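K.L.:
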Amino acid sequence: MENIYSKIAKLSHNNKLAHLYLFDTKRIFNVKKEILSLIYTLNGLSLPEIISTKLDLNNLFSNVYYLDGSGEKIKKETLENFFSKVNLDSLEQKYKHKLAVIEDLQNTQKESLNTILKEIEEPSENVVIFIFSKNYKQLLPTILSRAQLLKLQEIKENSDQSNSSFSIIAKLFANYDKVLFEEYQNATYQDLFDKYLKILKNTLKKPLKFCYLYLELNNDLNKENKAQNKFILNILKSIVVGINITTVKNKYISAINDLSKEFWNTYPNIGSWVKDVNSFFESLKTNANFKIQKQVLLIKLGEIYG
Numbered sequence: 001m002e003n004i005y006s007k008i009a010k011l012s013h014n015n016k017l018a019h020l021y022l023f024d025t026k027r028i029f030n031v032k033k034e035i036l037s038l039i040y041t042l043n044g045l046s047l048p049e050i051i052s053t054k055l056d057l058n059n060l061f062s063n064v065y066y067l068d069g070s071g072e073k074i075k076k077e078t079l080e081n082f083f084s085k086v087n088l089d090s091l092e093q094k095y096k097h098k099l100a101v102i103e104d105l106q107n108t109q110k111e112s113l114n115t116i117l118k119e120i121e122e123p124s125e126n127v128v129i130f131i132f133s134k135n136y137k138q139l140l141p142t143i144l145s146r147a148q149l150l151k152l153q154e155i156k157e158n159s160d161q162s163n164s165s166f167s168i169i170a171k172l173f174a175n176y177d178k179v180l181f182e183e184y185q186n187a188t189y190q191d192l193f194d195k196y197l198k199i200l201k202n203t204l205k206k207p208l209k210f211c212y213l214y215l216e217l218n219n220d221l222n223k224e225n226k227a228q229n230k231f232i233l234n235i236l237k238s239i240v241v242g243i244n245i246t247t248v249k250n251k252y253i254s255a256i257n258d259l260s261k262e263f264w265n266t267y268p269n270i271g272s273w274v275k276d277v278n279s280f281f282e283s284l285k286t287n288a289n290f291k292i293q294k295q296v297l298l299i300k301l302g303e304i305y306g
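Per UniProt numbering: the sequence shown = residues 1 to 306.
(1) Grab me the residues of I243's own chain with a C-beta within less than 7 Å of its C-beta, minus the 5 sequence neighbours each way, in chain order.
(2) First and last residue of the alpha helix (DSSP H) that includes A18?
(3) Check the DSSP bridge columns for T188 and list the partner residues they point to.
(4) Do you know whose CA, among Y95, T188, S62, K134, lies nearest I102's CA?
(5) Determine the direct distance from the alpha carbon of L140 to that of N126, and round the result to whole angstroms.
(6) Would residue 321 and S37 qualify as a contact pair, given that the criterion is a beta-carbon distance under 7 Å?
(7) Enumerate in chain order the residues of its own chain whose CB-to-CB distance from S70 is below 6 Å, with the five nearest sequence positions on each side excluded.
(8) Which of the three DSSP states is assigned to F210 in this structure?
(9) Helix, strand or coil for V101 per DSSP?
(10) Helix, strand or coil for V64 per DSSP?
(11) State the beta-bridge partners of T108 as determined by DSSP.
(12) Quickly, what does DSSP pair V128 with across the bridge? List them, please.
(13) In three-state DSSP terms, what is S6?
(14) Keeping to the same chain, check which residues put their C-beta closer than 6 Å to that of D24; ignore five residues upstream and five downstream.
(15) Is K291 helix, strand or coil when you go by DSSP?
(16) By how many angstroms is the C-alpha of L236 removed from the C-alpha of N15?
(17) When you compare only the Cα positions, how much space is there between N278 and L57?
(18) Using only the alpha-carbon positions, how far apart do S84 and L215 sit?
(19) Out of K76, L42, L284, Q185, which has the shortest C-alpha to C-alpha gap to Y95?
(20) For L150, which beta-bridge partners are listed by DSSP?
(21) Could you tell me the alpha carbon to alpha carbon distance between D68 and D194, rounded to whole angstroms?
(22) Based on Cα-Cα distance, which residue from L221, S238, H13 lies nearest to L298?
(23) Smallest Cα separation from W294: which of K249, E262, K230?
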């Protein structure tokens, strides 16, 4: 999967992206994970293998637009409003393209597909359409003839991790970076993991709630230790989206997923944390003041607590 998305990202970098890509997801169990992989890769970010069906894909990046046809049938009006927003919204300078992602477009009436035909025949500037479809052959021949068709193949998870091994967390949080992986296996990071899970759990019941988390984050996030910053903020992101590895029984993964369920039940707006963390890292790429951006992040994180 990563090779496909990396190739698309390279085309984007060289200004050679096609206007329409069609992904065959017939063999894919977790389509949302594939969509996230595409989005993050095109926006120049790495995605740990974490996913949640509750994650709002329209609330991750300002250049991403997502329409879900995997459940209810897509109405003509919904499709028209979707492309109206895509075309009218301005594109932030830090992004090269607007990414219009549609899941299971075939789940709509054929008359409604005239809307997307117009978008294909008269493409708007800087807009790239990505269709993920479990049954792409149901789409109009005109759409199929204009699209770059890519067939995705499911990749099985490695199941050689023991229940008590912290290395699987180290690997996920390092996003398979060998140098980071080695560092994250240090006992210091396991202590950090345990500390933050305890603090996060306490925010669900303590009267002061966010105060304890704020103090620790303010102390632990520092400009000189990028690896530690990434590790800590990956803990927060994993609380939002969970860790979707079903082939491994691991106590650390279970702890993350159990806490994720509690947070979603208590704070249904927690999905904003992913966008807040991503914005923090993006701002640092522009050499923004670290202390100021950290305070902006901490304020944003605290908003879900009311």
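Here a beta-carbon is modelled for each residue, glycine too, at the ideal position from N, C-alpha and C. Since the model is a prediction, treat every value here as computed from it, not as a measurement.
P.N.:
Result, derived from the coordinates:
(1) The residues are I50, L172, I253, I256, N257.
(2) Looking at the DSSP string, A18 is not in any alpha helix (DSSP H), and its letter there is neither H nor E.
(3) In the DSSP assignment, no residue is bridged to T188.
(4) Of Y95, T188, S62, K134, the residue nearest in Cα terms is K134.
(5) Distance between the alpha carbons of N126 and L140: 24 Å.
(6) With the chain covering 1 to 306 only, the question about residue 321 has no answer from this structure.
(7) E103, D104, listed in sequence order.
(8) In the structure shown, F210 sits in a helix (DSSP, three-state: H, G or I).
(9) Looking at V101 - three-state DSSP - the assignment turns out to be strand.
(10) Three-state result, V64: strand.
(11) Note: T108 sits in a beta bridge opposite I74.
(12) BP columns for V128 point to L99.
(13) When DSSP states are grouped into helix, strand and coil, S6 belongs to the helix group.
(14) Cβ within range, chain order: Y136, K151.
(15) K291 sits in a helix when the DSSP states are folded into three classes.
(16) Taking the straight line joining both Cα atoms gives about 34 Å.
(17) When rounded, the distance between both Cα atoms is 13 Å.
(18) About 43 Å.
(19) The candidate whose alpha carbon is nearest that of Y95 is L42.
(20) Looking at the DSSP assignment, L150 forms a beta bridge with F23.
(21) So the alpha carbons of these two residues sit roughly 36 Å apart.
(22) Nearest of L221, S238, H13 to L298, Cα basis: L221.
(23) It is worth fixing the name first, because residue 294 is Lys in this sequence and not Trp. Here the closest residue by C-alpha is K230.
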